[in-house]
C-alpha cells in the first residue's frame with residue numbers, strides 16, 4: 001500500500017461512511033431519550049450515566065456483527081451536569097452529553113432540560129432564558145456551519161443571540177471538527193473569546209473534505225505493572241475515544257494506572273468545568 005493510500009481520509013463522499021454516521025447518530029439519539037426519560041426527581045446522576053453507557057454498548061453490539069475487527073461503542077461517556085445535586089430534584093437544570101462511534105465515525109449529542117417541567121408546569125425566569133439562548137445558538141450553528149463559511153461567523157452569531165437574552169456564552173469553550181477516530185480535530189469554533197484568544201485563535205473556513213496525516217502517538221515505556229495493564233485494556237477497548245474510569249471492572253486499579261499514563265502525556269484528561277457560584281450554565 002502506498003503512503004498516499006495510508007493517509008487518505010474516509011469522508012461522507014463514501015456511502016458506507018454516511019451509513020455509519022447515521023447508525024451512530026440514531027443510537028446516540030435513542031440513548032439520549034432513554035436517559036432524559038429516566039432523569040426524574042430522586043434519580044442519581046451516576047445511575048443515569050451508567051444507563052446511557054449501557055444502552056450505547058448494547059445497541060452498537062447489534063450492528064456490523066460480521067465485522068469482527070471493527071471497533072464501535074462509546075465515543076464520549078455519558079455525562080450528566082446538574083445543579084450541585086448528585087440526586088436530582090424538581091427544578092434542577094440538567095445537561096446530558098454522550099457520544100457513539102461506529103468504526104471511529106463519531107456522533108455526539110447533548111440536551112438540556114429542567115427536572116419536573118411540563119406543559120402544565122412551564123419553565124420561566126432565567127433558567128428559561130439560558131435554555132432558549134442555547135437552543136437558538138445551536139440552530140444558528142446548524143445554518144452557519146457549511147462550506148465557505150468561517151468559524152468567526154458562528155462565534156459572532158452566538159454572542160449576539162446570548163446578549164439578546166442577557167446571557168453570555170461560556171468563555172473559551174471550543175467546538176471541534178470531527179474526523180474518523182478524532183474527537184478534537186484541528187478546526188474549531190470558539191465561544192466568547194478573550195482578547196488574547198482572538199489573537200491566538202486561528203481563523204478557519206469550513207470545507208467538505210480534507211486529506212491529512214495523523215501525528216505519531218506519544219510513546220513511553222510505563223514502569224508500573226498496574227499502569228501497563230490499564231493502558232493495554234484502555235487501548236483495546238477505547239482506542240482513541242474518550243472514556244471514563246467507571247467503565248473499568250476494577251476502578252481502584254484504573255485510578256492507579258491512569259496517573260502514570262497522564263503524567264507522561266499518553267492520555268489527555270478532560271477537565272471538569274463549572275460555572276461561577278450562583279450562575280446558570282447550559
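Numbering (UniProt numbering), first residue to last: 1 to 282. Quick reminder that beta carbons are idealized off the backbone N, C-alpha and C, glycines included.
Pick out whichever of the options has its Cα sitting closest to the Cα of residue i.
{"i": "residue 171", "options": "237, 189, 164, 165", "result": "189"}
{"i": "residue 89", "options": "115, 166, 138", "result": "115"}
{"i": "residue 134", "options": "108, 152, 164", "result": "164"}
{"i": "residue 180", "options": "106, 218, 250", "result": "106"}
{"i": "residue 97", "options": "113, 150, 87", "result": "113"}
{"i": "residue 46", "options": "16, 80, 34", "result": "80"}
{"i": "residue 48", "options": "95, 72, 12", "result": "95"}
{"i": "residue 22", "options": "169, 108, 157, 58", "result": "108"}
{"i": "residue 36", "options": "92, 224, 220", "result": "92"}
{"i": "residue 246", "options": "228, 120, 51", "result": "51"}
Can you tell me which of the three DSSP states residue i falls into?
{"i": "residue 75", "result": "strand"}
{"i": "residue 150", "result": "strand"}
{"i": "residue 221", "result": "coil"}
{"i": "residue 97", "result": "strand"}
{"i": "residue 160", "result": "helix"}
{"i": "residue 240", "result": "coil"}
{"i": "residue 118", "result": "coil"}
{"i": "residue 81", "result": "strand"}
Roughly how far, in whole angstroms, is the beta-carbon of residue i from the beta-carbon of residue j, given that I think they are within contact range, below 8 Å?
{"i": "residue 74", "j": "residue 100", "result": "7 Å"}
{"i": "residue 177", "j": "residue 185", "result": "3 Å"}
{"i": "residue 240", "j": "residue 154", "result": "Between residue 154 and residue 240 the Cβ distance is about 26 Å, and since that is not below 8 Å, they are no contact."}
{"i": "residue 174", "j": "residue 220", "result": "With 8 Å as the limit, residue 174 and residue 220 do not qualify as a contact, their Cβ atoms being about 27 Å apart."}
{"i": "residue 102", "j": "residue 20", "result": "4 Å"}
Count the other CB atoms within 10 Å of the CB of residue i; is the residue buried (16 or more) or exposed (fewer)?
{"i": "residue 232", "result": "exposed"}
{"i": "residue 211", "result": "Any answer about residue 211 is weak, because its pLDDT of 21 lies below 50 and its placement is not dependable; what the coordinates show is given next. Flag for residue 211 reads exposed."}
{"i": "residue 104", "result": "buried"}
{"i": "residue 40", "result": "exposed"}
{"i": "residue 262", "result": "exposed"}
{"i": "residue 151", "result": "buried"}
{"i": "residue 86", "result": "exposed"}
{"i": "residue 268", "result": "exposed"}
{"i": "residue 60", "result": "buried"}
{"i": "residue 28", "result": "buried"}
{"i": "residue 230", "result": "buried"}
{"i": "residue 16", "result": "exposed"}
{"i": "residue 243", "result": "buried"}
{"i": "residue 12", "result": "exposed"}
{"i": "residue 235", "result": "exposed"}
State the start and end residues of the unbroken alpha helix (DSSP H) segment that holds residue i.
{"i": "residue 135", "result": "125-144"}
{"i": "residue 56", "result": "45-60"}
{"i": "residue 106", "result": "Segment 105-114 is the beta strand (DSSP E) holding residue 106; no alpha helix (DSSP H) there."}
{"i": "residue 26", "result": "15-38"}
{"i": "residue 88", "result": "Residue 88 -> no alpha helix (DSSP H), and no H or E assigned at all."}
{"i": "residue 259", "result": "251-263"}
If I follow the unbroken beta strand (DSSP E) through residue i, where does it start and stop?
{"i": "residue 174", "result": "174-176"}
{"i": "residue 189", "result": "188-190"}
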